[in-house]
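Enquirer: Attaching a single structure in structure tokens format; questions to follow.
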Amino acid sequence: MISYGKTDIGMCRSMNQDCMFFSDKSVGNLPNLYIMADGMGGHKAGDYASAHAVSWFVDYVKECDYVNPITIIKTGISDVNDRLFHMSAEHDELRGMGTTFVVAVIVEDKLYVANIGDSRLYIIGDEIKQITLDHSLVEELIRTGQLERRKVRFHPEKNIITRALGTAREAVPDFFEVELKERDKILLCSDGLTNMIEDDEIAMIIKREPHLDRCCEELINRANYYGGKDNIGVVVVEQTVNEV
Numbered sequence: 025m026i027s028y029g030k031t032d033i034g035m036c037r038s039m040n041q042d043c044m045f046f047s048d049k050s051v052g053n054l055p056n057l058y059i060m061a062d063g064m065g066g067h068k069a070g071d072y073a074s075a076h077a078v079s080w081f082v083d084y085v086k087e088c089d090y091v092n093p094i095t096i097i098k099t100g101i102s103d104v105n106d107r108l109f110h111m112s113a114e115h116d117e118l119r120g121m122g123t124t125f126v127v128a129v130i131v132e133d134k135l136y137v138a139n140i141g142d143s144r145l146y147i148i149g150d151e152i153k154q155i156t157l158d159h160s161l162v163e164e165l166i167r168t169g170q171l172e173r174r175k176v177r178f179h180p181e182k183n184i185i186t187r188a189l190g191t192a193r194e195a196v197p198d199f200f201e202v203e204l205k206e207r208d209k210i211l212l213c214s215d216g217l218t219n220m221i222e223d224d225e226i227a228m229i230i231k232r233e234p235h236l237d238r239c240c241e242e243l244i245n246r247a248n249y250y251g252g253k254d255n256i257g258v259v260v261v262e263q264t265v266n267e268v
């Protein structure tokens, strides 16, 4: 496995509330670990939520005795949610904070994913496939047939999310298990990328640029070229040949 990640403040924000983590080496009992978080709340609260969610989760994994990756992820998310929720209740300046959270682990040829919020995970092979489902108002409208997907980008309430880490006593993430193919690439990203760039263009950039650092740079530069209305966070992971 090889990976690279980067966040950028974008063109319109005064603070970067996106936070990421990527490790191709083992973290605790996990063989690797990839995370993307996008904070929400006041000026300090969103930054606090995403940064601490990532660091607390990584610390939890390092100390966790469980072996099953789903169990580790599930209990880790619950632990982080509890800590964020209580910090929000105890400190006025952090009240109402929360964060999206996408976490992925690759075990041999299987990808284990959990997400809460509207940050996403994609697999890019012969085509691009969104694995996670957005927990957002517009996604709910799409699922119930009240909104066409092609109109999402311009919907006035597209930034309203229906689930986040730290905003309720119990976190309710979705879990996914996916078979990986040789040379598949995985993208974890915040909505600062997907609100600016269509999926097909994201796939084109990832497919044509073999160097992951340059790939991340190009994705961010393209999002900023289109307006950079939010912070932009990306982590790209490549499944290497000898690991399949």
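Its first residue numbered 25, the sequence shown is counted upward by one per residue in our numbering. For every residue, glycine included, the Cβ atom is placed at its ideal position computed from N, Cα and C. From a predicted model like this one, the values you see are computed outputs, not experimental measurements.
1. When you compare the CB positions of D269 and T156, do they come within less than 8 Å of one another, or not?
2. Would you say K153 touches the ligand HEM, meaning its beta carbon is less than 7 Å from a heavy atom?
3. On the criterion of 16 or more Cβ atoms from any shown chain inside 10 Å, does S214 qualify as buried, or is it exposed?
4. Which stretch, first to last residue, makes up the beta strand (DSSP E) that contains C43?
5. Taking just the CA atoms, how far does F46 sit from D83?
6. Starting from the Cα of V131, find the closest Cα among I256, V202 and K86 and give me that residue.
7. Alpha carbon to alpha carbon, how far is E117 from R207?
8. Quick one: residues in its chain with C-beta nearer than 7 Å to the C-beta of C239, no 5 flanking neighbours on either side, listed in chain order?
9. Can you grab the Cα-Cα spacing for the pair P93 / Q263, in whole Å?
10. Check whether the Cβ atoms of I96 and A195 lie closer than 8 Å to each other.
11. Out of D89, A77 and N40, which has the shortest C-alpha to C-alpha gap to N53?
12. Pair every Cβ in the stretch 68-84 with every Cβ in the stretch 144-154, then say whether three or more of these pairs are closer than 8 Å.
13. Need the endpoints of the beta strand (DSSP E) that S27 sits in, please.
14. Please check the pair G252 and C36, which I expect to be a contact at CB under 8 Å, by giving their CB distance rounded to whole angstroms.
15. So, for A247: in the same chain, excluding its five sequence neighbours on each side, which residues have a beta-carbon less than 7 Å away from its beta-carbon?
16. With distances taken between CB atoms, is the gap from I59 to V137 smaller than 8 Å?
17. What does a CB cutoff of less than 6 Å around F200 pick up in its chain, not counting 5 residues either side in sequence?
18. For the alpha helix (DSSP H) that C239 lies in, which residues bound it at each end?
19. Report the three-state DSSP secondary structure of R37 (helix, strand or coil).
20. Start and end of the alpha helix (DSSP H) containing Y84?
21. Taking Cβ positions, are R119 and W80 nearer each other than 8 Å?
Expert: A quick look at the data gives this:
1. This structure does not reach residue 269, given that the chain is present from 25 up to 268, and the question cannot be answered.
2. In the structure on display, the ligand HEM does not appear, and there are no ligands present to speak of.
3. The residue in question, S214, is buried, as its Cβ has 16 or more Cβ neighbours within 10 Å.
4. Its beta strand (DSSP E) spans residues D42 to S47.
5. Rounded to the nearest angstrom, the two C-alpha atoms are 14 Å apart.
6. When I256, V202 and K86 are compared, the shortest CA-CA separation from V131 is found for V202.
7. E117 and R207: Cα-Cα distance of roughly 45 Å.
8. Only I229, I230, E233 and V260 meet the Cβ criterion.
9. Going from the Cα of P93 to the Cα of Q263 covers about 18 Å.
10. Result no, Cβ atoms of I96 and A195 do not sit closer than 8 Å.
11. Closest by alpha carbon: D89.
12. Contact between the stretch 68-84 and the stretch 144-154 is absent, because fewer than three Cβ pairs lie under 8 Å.
13. For S27, the enclosing beta strand (DSSP E) covers residues I26 to D32.
14. A Cβ-Cβ separation of about 6 Å places G252 in contact with C36 under the 8 Å criterion.
15. The residues are G216, L217, M220, I221 and I256.
16. It is not a contact, given that the beta carbons lie outside the stated cut-off.
17. Around F200: V137 and I155.
18. Annotation: the continuous alpha helix (DSSP H) that includes C239 extends over L236 to Y249.
19. If DSSP states are grouped into helix, strand and coil, R37 belongs with coil.
20. Its alpha helix (DSSP H) spans residues A69 to E87.
21. At least 8 Å separates the beta-carbon of R119 from that of W80.
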